[in-house]
Amino acid sequence: MQPACVPVNIHYRDGEYYIGPAARFEAVTGKGAKTHRCEAKYMTLLGKKGLVVGIANLDSVAYGCAKAFRRDGAELAITYLNAKAEPHVHPLGEELKTAIIAPLDVRVPGQLEAVFDRVKNEWGRLDFVLHSIAFAPRDDLHGRLIDSSAEGFAMAMDVSCHSFVRMAKLAEPLMDDGGCLLTMSYYGAVKVSENYGLMGPVKAALESCVRYMAAEMGPKRIRVNAVSPGPMRTRAASGIKDFEALMERAAARVPEGRLATIEDVGNLAAFLVSDGARSITGNTAYVDAGYHTTS
Ligand SMILES: NC(=O)c1ccc[n+]([C@@H]2O[C@H](COP(=O)([O-])OP(=O)(O)OC[C@H]3O[C@@H](n4cnc5c(N)ncnc54)[C@H](O)[C@@H]3O)[C@@H](O)[C@H]2O)c1
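Numbering (our numbering), first residue to last: 511 to 805.
Below, the structure written as structure tokens:
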């Protein structure tokens with residue numbers, strides 16, 4: 511396990527800060543340096559390798575997480591849904607300097623196995639997986655839960671929940687030194703949320719899977735957690751009826767009047783997959799600017 515913090519000297523004067531030799535700060539700014547020695551957050555994911563599933567574009571929650579994972583030193587493999595999605599995801603993969611960019615539609619037989627085979631062949635191991643995908647057919651999502659079709663419900667459950675279970679099964683042999691599996695839930699799992707329909711029960715099942723998977727994988731030091739972000743403008747969210755109105759109501763409700771962002775989710779996700787979170791498992795953590803605490 512690497513240290514979470516390292517001591518550094520910060521040189522500063524008149525609102526300018528520099529970490530490095532004081533002489534350099536003075537040469538660049540022309541100011542006499544004041545120096546403060548403190549503990550700085552180290553790149554806590556240095557040496558870790560992670561698979562990120564769910565980047566569609568710049569707005570994706572998974573992209574916010576991938577940025578934070580990279581910032582903290584992790585090496586990443588990412589996936590894109592299909593040929594149509596690839597041109598949107600590829601540039602982001604290049605920006606993130608990802609080692610692997612692979613196609614993955616969890617409904618296509620063999621694609622998930624192919625991604626894990628590639629990870630095995632190129633890395634031989636894996637430290638964390640982010641599962642940030644969800645899908646429900648529009649008619650089933652927009653109608654009442656009790657009107658949903660068996661096929662629509664099963665498809666939503668398969669893509670949004672059971673795919674996480676399948677990923678865990680494939681990740682397990684690659685996590686021989688422990689690891690962490692993360693998924694994305696929503697408050698609609700625990701409270702009836704307007705227009706969330708059948709995704710509520712699906713997310714409830716996902717949160718329950720997290721607890722059972724954590725219990726089953728704990729002996730191998732594999733932690734399993736869910737993150738529950740507040741509402742954010744993404745492609746998936748745009749499929750929820752009257753989503754803009756929900757965003758406005760949420761913004762009016764949260765304590766600081768400001769909603770959480772994908773960067774906020776990334777910060778929490780990066781902590782959860784780090785060794786600093788070694789005692790956090792089976793948990794659902796909210797990063798929603800306090801939305802779930804208000805009524
Ligand atoms: N946006 C929000 O308000 C919000 C809030 C809480 C939780 N979430 C959750 O965050 C996760 C990511 O969604 P997002 O909001 O970033 O939207 P997004 O549209 O950016 O991401 C959804 C991803 O799911 C992928 N996907 C859909 N079907 C798939 C399949 N068959 N195989 C593989 N991938 C598939 C899409 O390609 C896309 O990358 C979802 O689980 C969502 O429920 C979103």
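Even for Gly, the Cβ is constructed at its ideal location relative to N, Cα and C.
The structure displayed is predicted, hence computed values, not measured ones.
For ligand 1, residues qualifying as neighbours are Gly-564, Ala-566, Ser-570, Val-571, Leu-591, Asp-615, Val-616, Arg-617, Ser-642, Ile-643, Ala-644, Phe-645, Val-669, Met-694, Tyr-696, Pro-739, Pro-741, Met-742, Thr-744, Arg-745, Ala-746, Ala-747, where qualification means a beta carbon closer than 5 Å to at least one of its heavy atoms (chain order). In this structure Asn-735 is buried. Its beta-carbon is surrounded by 16 or more other beta-carbon atoms within 10 angstroms.
For Gly-662, the enclosing alpha helix (DSSP H) starts and ends at 660-667.
Taking 3 residues as the shortest admissible run, the segment 682-770 contains the following complete beta strand (DSSP E) segments, listed from N- to C-terminal end: 689-694, 732-739.
Comparing alpha-carbon positions, the option among Arg-547, Val-775, Tyr-527, Pro-531 lying closest to Val-518 turns out to be Arg-547. Using a Cβ distance threshold of 7 Å, Gly-786 and Gly-574 do not count as a contacting pair. Leu-556 counts as exposed, since fewer than 16 other beta carbons sit within 10 angstroms of its beta carbon. At a Cβ-Cβ threshold of 7 Å, Ala-644 and Ile-610 do not count as neighbours. Between the beta-carbon of Ile-750 and that of Tyr-706 there is about 7 Å, and that keeps the pair under the 8 Å contact cut. Between the C-alpha atoms of Cys-671 and Asn-631 there is a straight-line separation of about 27 Å. Pairing Ala-779 with Val-737 gives a Cβ-Cβ distance under 7 Å. Ala-755 is positioned such that its CB atom lies no closer than 7 Å to that of Asp-798. Between the C-alpha atoms of Pro-601 and Arg-788 there is a straight-line separation of about 33 Å. Contact check for Ile-565 and Ala-576: beta-carbon distance about 6 Å, within the 8 Å limit, so the pair qualifies.
The straight-line gap separating the alpha-carbon atoms of Ala-593 and Val-712 is approximately 27 Å.
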